[in-house]
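Asker:
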Amino acid sequence: MNTAHDVLAVFCGPDGRHGNRLGVVREGRHHPDAGSRQVLAKELGHPGTVFVDDPERGVLDIHAPGARLPFDAHPVLGAAWLLDLEVLDLPVGEVWARHDGEFTWIEARPEWAPPCELVRYASAAEVDALDVPPPGAPGGAGVLPDGPGGTVYAWAWEEEAAGRVRARAFPGRGEGAGEDGATGAGALLLTALLGRALNIVQGAGAQIVTAPGPDGVVELGGRVRRIGA
């Protein structure tokens, strides 16, 4: 199996560290069906792997280990940066991107986000103090509340007047998954809920910036760097 791919970190901090890992398979034709793509996504083990079916038109197919996704923010933003595209073609429709200095931005709608449960805490210190749920423990053995599944996105204001948020995310509860480095779905849903621009620091130091737009659209921005090929 041809596994040639680029490895990116998406939503990096100002120092270029942290973020969420992404694999981009530029030659999607080498993996023509969903089954072979799932096999490779599991083999690579990145939180997301993008298969590029048409680099000029930006036709993308996104896979997480165990699931094919019609949309996921960090794979789309990472692919837009790597391929230098302004429009990407996904099952949800066209996604617009722009490049502004060190940040790449995409436009997305909250209803595109994978399942994500927003859980607010009283302080950033409480978010920092959360334990990673142990394998097989729904809701994190009482650390996090039980919910409908998907990712638990824990957040608190760090400085509300400035729109600064502290966040952590715990995906796939009950499946042994650990902590997510940067969660575009959580940032997208939180921005839509609060209706204001946010500057989110997540996990060990990833950064996601957001801005609400017209007709329910939300812009998500972040830095991307290449970490391997």
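Counted the way the numbering used here counts, the sequence shown spans residues 39 to 267. We put the CB at the ideal spot given by N, CA and C, even for glycine. Given the structure is predicted, the values throughout are model-derived calculations rather than measurements.
1) Ordered along the chain, which non-local residues of its own chain (more than five positions away) have a Cβ less than 6 Å from that of Val133?
2) Take Ala244 as the anchor and find which of Pro93, Arg263, Gly188 has the nearest alpha-carbon.
3) Taking 8 Å as the threshold, find out whether the region 83-99 comes into contact with the region 194-201 through three or more Cβ pairs.
4) With burial defined as no fewer than 16 other Cβ atoms inside 10 Å of the residue's Cβ, what is the status of Val170: buried or exposed?
5) To the nearest angstrom, how far is the alpha carbon of Leu227 from that of Ala192?
6) Do Gly57 and Ala47 have their CB atoms nearer than 8 Å?
7) Do you know whose CA, among Ala242, Gly260, Ala102, lies nearest Gly73's CA?
8) With a cut-off of 8 Å on the beta carbons, I'd call Gly116 and Leu82 a contact; round off their distance for me.
9) Specify, as a first and last residue, the run of the beta strand (DSSP E) that Gly259 falls within.
10) Does DSSP put Leu226 in a helix, in a strand, or in coil?
11) Find out if the Cβ-Cβ distance for the pair Ala118, Ala223 is shorter than 8 Å.
12) Who does Thr189 pair with in a DSSP beta bridge?
13) If the criterion is Cβ atoms closer than 8 Å, does the pair Val45 and Gly266 meet it?
14) Given this structure, state the Cα-to-Cα distance separating Arg55 from Ala230, to the nearest angstrom.
15) In this structure, does DSSP put Pro108 in helix, strand or coil?
16) I'd like to know if Thr221 contacts chain D, where contact means its C-beta is closer than 8 Å to some C-beta of that chain.
17) Here's a check: name, in chain order, each residue in its chain whose Cβ is nearer than 7 Å to the Cβ of Pro93, leaving out the five neighbours to either side.
18) If we ignore side chains and look at the alpha-carbon of each, how far apart do Ala225 and Leu78 end up?
19) Ordered along the chain, which non-local residues of its own chain (more than five positions away) have a Cβ less than 6 Å from that of Ala105?
20) Tell me which residues share the same chain as Arg95 and place their Cβ nearer than 6 Å to its Cβ, disregarding the 5 neighbours each side in the sequence.
21) In chain order, what residues of the same chain have a beta carbon less than 6 Å from the beta carbon of Ile238, not counting five sequence neighbours either side?
22) Please identify the residue among Ala242, Ala235, Leu98, Gly241 whose C-alpha is closest to the C-alpha of Thr248.
23) Beta strand (DSSP E) containing Val133: first to last residue?
24) Starting from Val247 and walking both ways along the beta strand (DSSP E), at which residues does that stretch end?
Answerer: Reading it off the structure:
1) Cβ within range, chain order: Val114, Leu126, Ile144.
2) Minimum Cα distance to Ala244 is reached at Arg263.
3) Contact fails: fewer than three Cβ-Cβ distances are below 8 Å.
4) Exposed, because fewer than 16 other Cβ atoms sit within 10 Å of the Cβ of Val170.
5) Rounded to the nearest angstrom, the two C-alpha atoms are 12 Å apart.
6) Taking a C-beta distance under 8 Å as the contact criterion, Gly57 and Ala47 qualify as a contact pair.
7) If you compare the alpha carbons of Ala242, Gly260, Ala102 with that of Gly73, the shortest gap goes to Ala102.
8) No, Gly116 and Leu82 are not in contact; Cβ-Cβ is about 14 Å, not under 8 Å.
9) Note, Gly259: beta strand (DSSP E), 256-266.
10) Assignment of Leu226 by DSSP, reduced to helix, strand and coil, places it in the helix class.
11) The answer is no: Cβ separation not under 8 Å.
12) Paired residues: Cys154.
13) Contact: yes.
14) Distance between Arg55 and Ala230, taken at the CA atoms: about 27 Å.
15) Secondary structure of Pro108 (DSSP, three-state): coil.
16) Absent here is chain D; the protein component of the structure consists of one chain.
17) So the qualifying residues of the chain are Arg64, Leu121.
18) Here the alpha carbons of Leu78 and Ala225 stand approximately 28 Å from one another.
19) Answer for Ala105: no residue qualifies.
20) Taking Arg95 as the centre and dropping the five residues before and after it, the same chain places the C-beta of Asp127 closer than 6 Å to its C-beta, in chain order.
21) Val203, Ala205, Ala225, Ile246.
22) Ranking the options by Cα distance to Thr248, first place goes to Ala235.
23) Unbroken beta strand (DSSP E) run through Val133: 131-138.
24) Counting along the chain, Val247 sits inside the beta strand (DSSP E) bounded by residues 244-250.
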